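Numbering (the working numbering), first residue to last: 186 to 417.
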């Protein structure tokens, strides 16, 4: 039976499973637009007074757009084959040994951005959030958390985010979303819905949702953003 849970509660559970003196690597995954980054930031804020925390997005291990395009994966960005899986799987062991330079990703230009690379020192808890956990990556984690939500809610949040980027592109010529500014708002929203239904929803069903079975904790999120613990 689901029980209500907050980000602070989840932080407490993660802290309880961490081993003092060792880097505890937490994987947090779920659908596109589920709110993984927001939840990771909330958990990190709750842990910050007592632990050294770092949050890293797996988006940084997406292949550059030029490589994705060359491999014919343009319409499969976010699918397992669009990630540098070997490099991502190597991160947990590397951060347990010492400082690591991690790449960066910009949602504005929709691509890996070398200017956003940064060096992180081994924290008490590293939250690795995003997609790309299919295959060997999940096996490298100490704790694996799946953020679940109804497909209708995920589509709603995806369209909200897509339209926010679309509106912001009106004042930012560097934005990836400038290419959609020739559409009116209704057309852009319909295009966003098509992207969800033909790319992100199939990815969710085929590659992301099955990871819930491998997760140590499954947390559900309702339309009003309330959380509940389904397992763990």
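Ideal Cβ positions, reconstructed from N, Cα and C, are used throughout, including at glycine. Predicted, not measured: the structure shown is a model, and the values here were computed from it.
Could you pull the start and end residues of the beta strand (DSSP E) that residue i belongs to?
| i | result |
| --- | --- |
| residue 286 | 285–287 |
| residue 241 | 238–242 |
| residue 214 | 209–215 |
| residue 202 | Unbroken run through residue 202 is the alpha helix (DSSP H), 192–202; no beta strand (DSSP E). |
Who are the near neighbours of residue i in its chain, counting only those whose CB is closer than 8 Å to its CB and skipping five residues on each side?
| i | result |
| --- | --- |
| residue 348 | 370, 373, 374, 377 |
| residue 249 | 296, 297 |
| residue 365 | 351, 354, 373, 376 |
Does the distance from the C-beta atom of residue i to that of residue j stay below 8 Å?
| i | j | result |
| --- | --- | --- |
| residue 334 | residue 187 | no |
| residue 328 | residue 401 | yes |
| residue 381 | residue 220 | no |
| residue 270 | residue 317 | yes |
| residue 332 | residue 404 | yes |
| residue 286 | residue 302 | yes |
| residue 213 | residue 314 | yes |
| residue 224 | residue 203 | no |
| residue 265 | residue 326 | no |
| residue 319 | residue 410 | no |
| residue 280 | residue 208 | yes |
| residue 360 | residue 293 | yes |
| residue 222 | residue 242 | yes |
Count the other CB atoms within 10 Å of the CB of residue i; is the residue buried (16 or more) or exposed (fewer)?
| i | result |
| --- | --- |
| residue 385 | buried |
| residue 252 | exposed |
| residue 244 | buried |
| residue 218 | buried |
| residue 340 | buried |
| residue 274 | buried |
| residue 263 | buried |
| residue 324 | exposed |
Start and end of the alpha helix (DSSP H) containing residue i?
| i | result |
| --- | --- |
| residue 228 | 221–232 |
| residue 303 | Counting along the chain, residue 303 falls outside any alpha helix (DSSP H), though it belongs to the beta strand (DSSP E) covering 303–305. |
| residue 376 | 370–380 |
Are there any heavy atoms of the ligand FAD lying less than 7 Å away from the beta-carbon of residue i, as far as the coordinates show?
| i | result |
| --- | --- |
| residue 288 | Of the ligands one can find in the structure shown there are none, so the ligand FAD has no counterpart to examine. |
Grab me the residues of residue i's own chain with a C-beta within less than 7 Å of its C-beta, minus the 5 sequence neighbours each way, in chain order.
| i | result |
| --- | --- |
| residue 236 | 200, 309, 310 |
| residue 259 | 253 |
Output needed for residue i: all residues of its chain with C-beta closer than 6 Å, excluding positions within five of it in sequence on either side, in chain order.
| i | result |
| --- | --- |
| residue 363 | 354 |
| residue 417 | 401, 402 |
Which parts of the region 313–353 are runs of the alpha helix (DSSP H), unbroken and 4 residues or longer, counting only runs that do not cross its ends?
336–353
Segments assigned alpha helix (DSSP H), at least 4 residues, entirely inside the region 248–282:
250–255, 270–282
Alpha helix (DSSP H) segments (min. 4 residues) lying fully within the region 386–413
Runs of the alpha helix (DSSP H) lying entirely within the region 386–413, each at least 4 residues long, are absent.
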